[in-house]
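See below for the structure under consideration.
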Amino acid sequence: MSAVAIGPDLGIEAAADLKALLLPHLESKRSVSIDASAVERVHSASLQLLFAFARDRSQAGHKTSIDGATKPLLDAARLLGMSAALGLDEETPA
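Mapping to the numbering used here: the sequence shown position 47 is 52, numbers consecutive.
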C-alpha cells in the first residue's frame with residue numbers, strides 16, 4: 006500500500022500541487038491510502054481532482070481510500086454530492 010498525505014490547504018491555488026502529488030500514484034497497482042487528516046480548507050477544484058484520481062484508479066481496478074477526512078473535507082464532499090463517490094459517505098470527521 007502507498008500512503009499519500011495531503012496538506013491542510015486544498016484551495017484552488019493548491020490544485021496544481023495536489024495533482025503533482027497524486028500523479029505518480031495514478032497507475033500504481035498497489036492500493037493508495039490518501040491521508041486527509043490535515044485538511045482545513047477545500048475548494049471544488051481540488052475535490053474534483055481527488056474525485057478524478059479515485060475514479061480513474063477504480064476504473065483501472067485499483068483500490069483508493071481517503072482516510073482521516075476532516076469536517077471541512079466531508080462538508081465539501083457532501084455539498085458537491087461526491088461523498089459516496091469518494092467513499093466518504095460513512096466517514097466520521099477526524
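Backbone N, C-alpha and C fix where the C-beta goes; we use that ideal spot for every residue, glycine too.
Model, not experiment: these values are computed from the prediction.
Cα-Cα separation between residue i and residue j, rounded to whole angstroms
i: Phe58; j: Leu27; result: 7 Å
i: Ala68; j: Phe56; result: According to the sequence shown, residue 68 is Lys rather than Ala. Those two C-alpha atoms are separated by around 13 Å.
i: Lys76; j: Ser42; result: 9 Å
i: Asp40; j: Gly73; result: 6 Å
i: Glu32; j: Arg83; result: 27 Å
i: Ala89; j: Asp80; result: 12 Å
i: Gln12; j: Leu78; result: It is worth fixing the name first, because residue 12 is Gly in this sequence and not Gln. About 12 Å.
Outcome for residue i when other beta-carbon atoms lying within 10 angstroms are tallied against a minimum of 16
i: Met87; result: buried
i: Ile17; result: exposed
i: Ala19; result: buried
Same chain only: Cβ atoms within 6 Å of residue i, ignoring 5 sequence neighbours per side
i: Arg62; result: Thr69
Residue j beta carbon less than 9 Å from that of residue i
i: Val44; j: Leu15; result: yes
i: Arg46; j: Ser7; result: no
Member of the options whose CA lies at the smallest distance from the CA of residue i
i: Leu85; options: Ala21, Ala19, Met6, His48; result: His48
i: Ala21; options: Leu52, Asp94, Leu79, Met6; result: Leu52
Own chain partners of residue i with C-beta closer than 7 Å, once the 5 adjacent residues on each side are dropped
i: Gly92; result: Ser70, Ile71
i: Lys24; result: Leu54
i: His30; result: Ser7, Val9, Val37
CB contact check: residue i to chain D, cutoff 9 Å
i: Ser63; result: Judged by its chain identifiers, the structure shown contains no chain D, having just a single protein chain.
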